[in-house]
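Worksheet: the structure to be examined is printed underneath.
In the numbering used here, the protein residues as written are 9 to 115.
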């Protein structure tokens, strides 16, 4: 079973409607399935900013930024991005073909 971890790499801000209003999230989704890992990195706009729910920049937690990011993406895009990581992990589980000597050729 794959465990997904969301990590915020950076937040971009504008000075309106409030100082340091977060308007974009740059994030990575990490997947780990029994030591087989993969990741994807994306950015998403968090606009329009909601001044009624403003959080001062120095009080934003990673958990809150992840919630904003996932809300901006919507459930379908979150699922699709996690599925992309899962597909990369699944591809690593497929054994790589190895060359074999041809039985009719002697060495």
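Just so you know, even glycine gets a beta-carbon here, dropped at the ideal spot from N, CA and C.
Just how far apart, CA to CA, sit residue i and residue j?
i: residue 72; j: residue 56; result: 17 Å
i: residue 35; j: residue 110; result: 49 Å
i: residue 78; j: residue 107; result: 45 Å
i: residue 69; j: residue 98; result: 32 Å
i: residue 100; j: residue 41; result: 11 Å
i: residue 76; j: residue 62; result: 12 Å
i: residue 59; j: residue 105; result: 56 Å
i: residue 24; j: residue 102; result: 50 Å
i: residue 28; j: residue 66; result: 9 Å
i: residue 85; j: residue 64; result: 27 Å
i: residue 80; j: residue 26; result: 19 Å
i: residue 82; j: residue 9; result: 23 Å
Report, in whole angstroms, the separation of the C-beta atoms of residue i and residue j, which I expect to be a contact under 8 Å.
i: residue 94; j: residue 39; result: 6 Å
i: residue 46; j: residue 96; result: 4 Å
Name the one or two DSSP bridge partners that residue i has.
i: residue 33; result: 19, 52
i: residue 14; result: 37
i: residue 46; result: 39
In its own chain, which residues sit with a C-beta less than 7 Å from the C-beta of residue i, not counting the 5 before and 5 after it?
i: residue 37; result: 12, 14, 47, 48, 89, 90, 93
i: residue 31; result: 20, 21, 22, 53, 54, 55, 57
Given 7 Å as the limit, tell me if residue i has its C-beta closer than that to any heavy atom belonging to the ligand PLP.
i: residue 53; result: This structure lacks the ligand PLP; in fact it carries no ligand of any kind.
Tell me which residues share the same chain as residue i and place their Cβ nearer than 8 Å to its Cβ, disregarding the 5 neighbours each side in the sequence.
i: residue 17; result: 34, 35, 36, 49
Sorted by chain position, which residues of the same chain lie with C-beta nearer than 6 Å to residue i's C-beta, five sequence neighbours on each side aside?
i: residue 74; result: 14
Whether or not the segment 36 to 51 and the segment 77 to 93 are in contact is what I'm after, with contact meaning three or more pairs of Cβ atoms, one per stretch, closer than 8 Å; do they touch? With the cut-off at 8 Å, the segment 77 to 93 and the segment 36 to 51 touch.
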